[in-house]
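Chains as they are written, first to last, in the working numbering: chain A, 860 to 970; chain B, 96 to 208.
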């Protein structure tokens, strides 16, 4: 059974800082990995999807990487802004269309 | 940009009552999902649906739960006899294909009294 852990649970940084969010997983037999953003009281916004055969994906200031051998994925946010404040979730699809989520990292970017 | 819409945004129901949560997935998507998030806990998979049948379901999705696509646009989750522990945020999601990104709605907050 896939276990997904996100550390730290909460992170506070000043505006402009580059930061890395971590996600670790136990079962490397994955189809893909998705990173999401969740704003308070809202749904999940898909940020990036990495297929099992890929190592990274980039979208704007975001870069996500996948290392199956070490059971880790990272989400890199460049030049953070207050609008990036949200909870960031990683999720893995192991069995075809069933996502297993981590507990999230709550990010606060201070102006 | 097309989005997944869910209604109602908040549902309050007495324990033991039936509840139906409604979702309109993105129009050209073929795969549909329900997830739930109990307050303070992880998002959990409930069920996936493709080609008018359930393709995967979790241990949470017991006989009290059912899903239906009654017409070409709606996708519903029914809880037959609600329990206090069913209180959670329920998210609907859809994807174009099985390995494409899943897109989520804003959720329905279900409160069981």
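We put the CB at the ideal spot given by N, CA and C, even for glycine. Just so you know, these numbers come straight off a predicted model, no measurement behind them.
List, in chain order, every chain B residue whose beta-carbon is nearer than 9 Å to that of residue i.
| i | result |
| --- | --- |
| residue 910 of chain A | 194 |
| residue 860 of chain A | In chain order: nothing, as chain B lies at least about 11 Å away. |
| residue 960 of chain A | 130, 132, 137, 138, 139 and 140 |
| residue 948 of chain A | 137 and 138 |
Step through the CB atoms of chain B and report whether any lies within less than 9 Å of the CB of residue i.
| i | result |
| --- | --- |
| residue 893 of chain A | yes |
| residue 890 of chain A | yes |
| residue 930 of chain A | no |
| residue 942 of chain A | no |
| residue 919 of chain A | no |
| residue 875 of chain A | no |
What did DSSP end up calling residue i once you bin it into helix, strand or coil?
| i | result |
| --- | --- |
| residue 157 of chain B | coil |
| residue 179 of chain B | helix |
| residue 943 of chain A | helix |
| residue 878 of chain A | strand |
| residue 870 of chain A | strand |
| residue 929 of chain A | coil |
| residue 952 of chain A | strand |
| residue 890 of chain A | coil |
| residue 151 of chain B | strand |
| residue 885 of chain A | coil |
| residue 110 of chain B | coil |
| residue 136 of chain B | coil |
| residue 163 of chain B | strand |
| residue 146 of chain B | coil |
| residue 967 of chain A | strand |
| residue 184 of chain B | strand |
| residue 922 of chain A | strand |
| residue 121 of chain B | coil |
Name, please, each residue of chain B whose Cβ falls closer than 8 Å to the Cβ of residue i.
| i | result |
| --- | --- |
| residue 905 of chain A | 196, 197, 198 and 199 |
| residue 938 of chain A | By Cβ distance, chain B contributes nothing, its closest Cβ being about 24 Å from residue 938 of chain A, past 8 Å. |
Please confirm if residue i has its CB atom under 9 Å from at least one CB of chain A.
| i | result |
| --- | --- |
| residue 101 of chain B | yes |
| residue 183 of chain B | no |
| residue 160 of chain B | no |
| residue 190 of chain B | yes |
Determine the chain A residues that contact residue i at a beta-carbon separation under 9 Å, and present them in chain order.
| i | result |
| --- | --- |
| residue 151 of chain B | 954, 955, 956 and 957 |
For residue i, go through chain A and note every residue whose CB falls closer than 8 Å to its CB, in chain order.
| i | result |
| --- | --- |
| residue 202 of chain B | 901 and 902 |
| residue 186 of chain B | 902 and 903 |
I'd like the list of long-range same chain contacts for residue i, defined as Cβ closer than 7 Å, with 5 residues on each side in sequence excluded.
| i | result |
| --- | --- |
| residue 861 of chain A | 884, 885, 886, 951, 953 and 959 |
| residue 112 of chain B | 177 |
| residue 103 of chain B | 203 |
Could you pull out every residue in the same chain whose Cβ sits closer than 6 Å to the Cβ of residue i, ignoring the five residues on either side in sequence?
| i | result |
| --- | --- |
| residue 962 of chain A | 865 |
| residue 908 of chain A | 891 and 893 |
Grab me the residues of residue i's own chain with a C-beta within less than 8 Å of its C-beta, minus the 5 sequence neighbours each way, in chain order.
| i | result |
| --- | --- |
| residue 171 of chain B | 115, 116, 117, 118, 162, 163, 164 and 165 |
| residue 110 of chain B | 177, 178, 179, 207 and 208 |
| residue 200 of chain B | 98, 99, 100, 101, 118, 186, 187 and 188 |
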